[in-house]
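Worksheet: the structure to be examined is printed underneath.
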Amino acid sequence: MNPSPGPGRGAALRENRGDPSTALGERQGGDLALYIHWPFCVSKCPYCDFNSHVRAGVDEDRWRAALLSDMAHEATSLPGRRLTSIFFGGGTPSLMPPATVAALIAAAERHWGFAPDIEITLEANPSSVEAARFADLGAAGINRVSLGLQSLDDDALAFLGRAHGVAEGLAALETAQAAFARVNFDLIYALPGQSLAAWQAMLTHAIGLGTGHLSLYQLTIEPGTRFATLAAQGKLVPADPDHAADLFEATRALTTAAGLPAYEVSNHARPGEESRHNLTYWRQGDYAGIGPGAHGRRHGHATIRHRKPENWLAAMDRNAHGIAEDDILTPEARATEALLMGLRLAEGIDPAAIAARTGIATARLVDAAAVARLETLGLVAQRRDRLIVTEAGMLLLDAILPQVVAIG
Amino acid sequence: MSKASTPLDRIRNFSIIAHIDHGKSTLADRLIQRTGGLTDREMSAQVLDNMDIEKERGITIKAQTVRLNYRAKDGLDYELSLMDTPGHVDFAYEVSRSLAACEGALLVVDAAQGVEAQTLANVYQSIEHDHEIVPVINKIDLPAAEPDKVKKEIEDIIGISAEDAVLASAKSGIGIDEVLEAIVTRIPPPKGDREAPLKAMLVDSWYDPYLGVVILVRVVEGVLRKGQEIKFMATGTRHLVDRVGCMRPKIEQLTELAAGEIGFITAQIKEVSQTAVGDTITDAKKPTAEALPGFKTVQPVVFCGLFPVDAADFEKLRDSLYKLRLNDASFSFEAESSAALGFGFRCGFLGLLHLEIIQERLTREYDLDLITTAPSVVYKIQLAHGKGELDLHNPADMPDVMQIASIDEPWIEATIYVPDEYLGSLLKLCQDRRGIQKNLTYVSGRAQITYELPLNEVVFDFYDRLKSISRGYASFDYHQIGYREGDLVKMSIMVNAEPVDALSMIVHRSTAETRGRGMCERLKDLIPRHLFKIPVQAAIGGKVIARETIAAMRKDVTAKCYGGDASRKRKLLDKQKEGKKRMREYGSVQIPQEAFIAALRMGDEG
Chain A
532 MNPSPGPGRG AALRENRGDP STALGERQGG DLALYIHWPF CVSKCPYCDF
582 NSHVRAGVDE DRWRAALLSD MAHEATSLPG RRLTSIFFGG GTPSLMPPAT
632 VAALIAAAER HWGFAPDIEI TLEANPSSVE AARFADLGAA GINRVSLGLQ
682 SLDDDALAFL GRAHGVAEGL AALETAQAAF ARVNFDLIYA LPGQSLAAWQ
732 AMLTHAIGLG TGHLSLYQLT IEPGTRFATL AAQGKLVPAD PDHAADLFEA
782 TRALTTAAGL PAYEVSNHAR PGEESRHNLT YWRQGDYAGI GPGAHGRRHG
832 HATIRHRKPE NWLAAMDRNA HGIAEDDILT PEARATEALL MGLRLAEGID
882 PAAIAARTGI ATARLVDAAA VARLETLGLV AQRRDRLIVT EAGMLLLDAI
932 LPQVVAIG
Chain B
5 MSKASTPLDR IRNFSIIAHI DHGKSTLADR LIQRTGGLTD REMSAQVLDN
55 MDIEKERGIT IKAQTVRLNY RAKDGLDYEL SLMDTPGHVD FAYEVSRSLA
105 ACEGALLVVD AAQGVEAQTL ANVYQSIEHD HEIVPVINKI DLPAAEPDKV
155 KKEIEDIIGI SAEDAVLASA KSGIGIDEVL EAIVTRIPPP KGDREAPLKA
205 MLVDSWYDPY LGVVILVRVV EGVLRKGQEI KFMATGTRHL VDRVGCMRPK
255 IEQLTELAAG EIGFITAQIK EVSQTAVGDT ITDAKKPTAE ALPGFKTVQP
305 VVFCGLFPVD AADFEKLRDS LYKLRLNDAS FSFEAESSAA LGFGFRCGFL
355 GLLHLEIIQE RLTREYDLDL ITTAPSVVYK IQLAHGKGEL DLHNPADMPD
405 VMQIASIDEP WIEATIYVPD EYLGSLLKLC QDRRGIQKNL TYVSGRAQIT
455 YELPLNEVVF DFYDRLKSIS RGYASFDYHQ IGYREGDLVK MSIMVNAEPV
505 DALSMIVHRS TAETRGRGMC ERLKDLIPRH LFKIPVQAAI GGKVIARETI
555 AAMRKDVTAK CYGGDASRKR KLLDKQKEGK KRMREYGSVQ IPQEAFIAAL
605 RMGDEG
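Chains A and B, in that order, give the protein sequences. For the first sequence, the positions run 532 to 939 when the working numbering is used. For the second sequence, the positions run 5 to 610 when the working numbering is used.
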């Protein structure tokens, strides 16, 4: 499953293009996001390179206790902060016992306290079994779900190795929409052989389902997945990049027309429905990450938990925290991340703000000559204090970044 | 220290002529083994070919000798010197000197393959040296062996009697004694007055890390002794002989080498470039009146640029070239700089194989990652207004057309052997390369063609095309036949309207368009798409003769990037920036070095 965004009621993302001065502040004082990783799945999907594992049985009590301890460790490192979002990602966190979810949410509130409009998201599989738990998860405090619908076509779902069918997925979506205030779902497109017309039809259907947020990912063949093996064997031929570009442009056109414009490369939302949690990543806010393989960014440190569930559990027993690596990020590294992550957003970045935060002069941050060159190509633009990658540029972001980012 | 020299009538000096793979080295090994030069344990396969490249390619680069002691059926002991000659036309001069040191040759022909063109060239040279040639039909135990057919071929094609050809299988040890007897009975002993002043030929030389420069000599008259002061007649230098010996193939020191004998000397010489192959060695105090005939200085005929992929390796490349030159005076180099490729060297070689050998040795033995520019030949430019002649080694140095009266290019005469079924394609290839057919004969299912060809058409992938057309069955041999005027032009390649110096080349006007189109098409595939569209053009002067366009890139974006991906993205960016260092920029187009390497690679233009 994908750790994916969804709408947050209070995520105060204003249309930034009109007035950059009110654009999503770079970071508010004591705000903090919390990521909780549940690493287990019933089966591993052929495209997925996330830290997910299939295990015969999970000792639920032990896992709850361990996650609570890992969170307590983060709380001691981050006193006096206020949580603006919690995200349960995986793996398949909809397989977690609702009681565990409830216990973790309660503990988080005890450690830090919640912002009044806190967004608490959980990734869920759109199966009937899991849909049956949605009410309990809602009662546990989840106010947003992100459903791994992935497609509205049964053949595509089979190709993607998903256990659910379209009918089951749509039923789960309906249940979710009833149980939670905000719902997002993911679709994977630009599958081999997918035509422009077929994708437009599916997306139109998806938009009609009425969620305030959509995560629309082009299929990426990630190393170390079954798809990568098939591609290497020539049994899977990824979509032609030019065709994929056509699909991307069609996606932007349809979602914009429907009032869910892209606010990030693959994420679309009605204004105000953006994922507050994921915005923290893209805007370089602080976040704590607990559970196997979870990443954190706090006090200029980058933390990574042990990836393998057993190793993480063993570390918990040994150290009472699951941290495998704790690196101090140099100002250059922090500034680089701010550019790499921030330029994914339609709102772009405020170089002066990043300069102020990292102590690195804007001239060292951004290659002005490259910006000028890319501006003439219409791929980037400077809007008052902000530097943005344009609609046309977003499809080429990975080629643009090495040119624009001067440091590193 | 060993005994003094052997009487002339007990000496036999011979070489082995054979096509690659026809078993020359195996036969040499058997002869060494049979005469006790090495124990079985010491015999590693193919003792004579010292270098890895020689072993792999089956080509001898440096002349080698082995002295064998053989008690013949007449009950007498003979001293046989086997001279292993360089086996490629690039080293034709060295071959001629090696052959000049012998009185006879074994002509080894594969019983299944028959006579090959390359063999012929050496046979003719051998005949020119008045050698007694003993045919040896090898691999007679192969199921496909047809010794009678091969005998007839030898008689038909070469015109020497094959009636008494020795039938052998070096691999299985069949006929080895017969070969040794034939050497003794059929090859004449050397002549030479041992009382006359010293006259010896410098056959070859190489650098040995322990001994310094080792010189292979054939004494023609007089005696060469340890402690003697000698003089190189062509180079004019004097040296004190500090070692005299022979190879068995292990080094054996001797007190002297007398007329008729082949052996080596060392004389505290530090660089091979101080020795010239074919030079006459004489006694400094009592010199001979006349030098040996046939000496000439060798000139490089094929040039290319060698550049380190990593600019930091420039000094290492320079040192490595110096070291290689210690052992091979026939290649030259001088510093060169290119906007595309940075600092490197313009190097001259005896031919394409020589180029490849040096390139491979630099890569393997010196661990260098190199870019080789398209090989070119030496053009003679007649300057306008009678301002003289200019040797052009590098297309980048070509003067403005207004200053050029005419351009001469080197031509070769090529002899090609090819099975009948490929003849049509082969003739077309030669015609396409501006060839002039001189001769065409058929012998038992195969054609022998003689063509005159411009060398610049040959250095450009001719050999590879030849091999692919004939599925490897054609063989090819050439020698230079002088310079001729040609309608030659400099073709520039422009990427995004900016010329790329490393890709410019001198071509015949008639082939410019084809070559230009080929290069543009290739670059179109090699240069990655950019954020804008890129024209790739071939031009002569200001006139564009071929054009391709690289479409703008449309999509390059990571679909998913969340908290856990920040570090990974940062590392990816570092990698991209590192990759950028291996790019060269032309008209704001980043061209990866790999693209240059691939565009310049010889031999794969269709």
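The beta-carbon is built from N, C-alpha and C at its ideal position, and this holds for glycine as well. Predicted model, so just to flag it, every value in this text is computed and none were measured.
Taking C-alpha positions only, A:Asp916 is separated from A:Glu878 by approximately 11 Å. Sequence-distant partners of A:Leu927 (beyond 5 residues in either direction) whose C-beta falls short of 7 Å from its own C-beta, in its chain, are Leu910. Using a Cβ-Cβ distance cut-off of 8 Å, the region 888-906 of chain A and the region 857-873 of chain A are in contact, since at least three pairs of beta carbons, one from each stretch, lie closer than that value. In terms of CA proximity to A:His826, A:Glu856 leads the group A:His808, A:Phe571, A:Glu856. Residues of the same chain with a CB within less than 6 Å of the CB of A:Glu661, apart from the 5 flanking positions on each side, are Ser625, Ala655 in chain order. In the structure shown, B:Lys442 falls within a strand segment according to DSSP collapsed to helix, strand and coil. Contact note: A:Val796 reaches chain B through Val561, Thr562, Ala563, Lys564, Cys565, using a C-beta cutoff of 9 Å and chain order. Here B:Val593 is near B:Ile531, since their CB atoms are less than 8 Å apart. Apart from sequence neighbours up to five positions away, the residues of its chain that approach B:Tyr421 with a beta-carbon distance below 7 Å are Glu120, Ala121, Arg450, Gln452, Ala478, Ser479, ordered along the chain. Comparing C-alpha distances from A:Phe779 to each of A:Val768, A:Glu795, A:Ile854 shows the shortest one belongs to A:Glu795. Not a single CB atom of chain B sits nearer than 8 Å to the CB of A:Glu805. Around the Cβ of B:Asn73, a 10 Å sphere holds fewer than 16 other Cβ atoms; the residue is exposed.
Residue pairing from DSSP leaves A:Thr907 without any beta-bridge partner.
The region 145-154 of chain B and the region 121-136 of chain B do not touch, with fewer than three beta-carbon pairs separated by less than 8 Å. Contact between A:Leu704 and A:Leu740 holds: their C-beta atoms lie close to 6 Å from each other, under 8 Å. Between A:Ala923 and the set B:Leu328, B:Arg558, B:Val224, B:Ser100, the nearest pair of CA atoms involves B:Arg558. Between the region 540-549 of chain B and the region 486-501 of chain B there are three or more C-beta pairs closer than 8 Å, enough to call the two in contact. Straight across, the Cα-Cα distance linking B:Thr270 with B:Asp436 is about 50 Å. Ranked by Cα distance from A:Trp843, the first of A:Asn582, A:Asp684, A:Leu680, A:Asn798 is A:Asn582. Interface annotation, A:Met733: not in contact with chain B, CB-CB separation never under 8 Å. Below the 7 Å Cβ cutoff, chain B contributes Ala570, Arg574 as neighbours of A:Glu868, in chain order. With a beta-carbon spacing of about 29 Å, B:Arg75 and B:Met205 fall beyond the 8 Å limit used to define contacts. The beta-bridge partner set that DSSP reports for B:Phe18 consists of B:Leu86, B:Gly108. Within the same chain, Pro882, Ala883, Ala886 come within 7 Å of A:Thr893 by CB-CB distance, once the 5 residues on both sides are set aside. For B:Val422, the uninterrupted beta strand (DSSP E) segment begins and ends at 408-423. Contact between B:Leu345 and B:Phe311 holds, with the beta-carbon distance rounding to 4 Å and staying under 8 Å. Runs of the alpha helix (DSSP H) lying entirely within the region 828-878 of chain A, each at least 4 residues long, are 840-850, 862-873 in chain order. Inclusion of A:Arg836 and A:Ile859 in the CB contact set at 8 Å is not warranted, their separation being larger than that value. When rounded, the separation of the alpha-carbon atoms in B:Asp283 and B:Asn331 is 17 Å. When the five nearest sequence neighbours on each side are left out, the beta carbons in the same chain lying within less than 7 Å of the beta carbon of A:Leu668 are those of Pro629, Val632, Leu653, in order along the chain. Under the criterion of beta carbons closer than 8 Å, A:Glu699 and A:Ser659 qualify as touching, at roughly 6 Å. For A:Phe645, the beta-bridge partners assigned by DSSP are A:Leu614. If you check each beta-carbon in the region 526-539 of chain B against every beta-carbon of chain A, the ones closer than 7 Å belong to Leu535, Phe536. 8 Å or more divides the Cβ of B:Val217 from the Cβ of B:Lys230.
Counting of Cβ neighbours within 10 angstroms places B:Glu182 among the exposed residues, the total staying below 16. Interface criterion met: the Cβ of A:Gly820 is under 8 Å from a Cβ in chain B.
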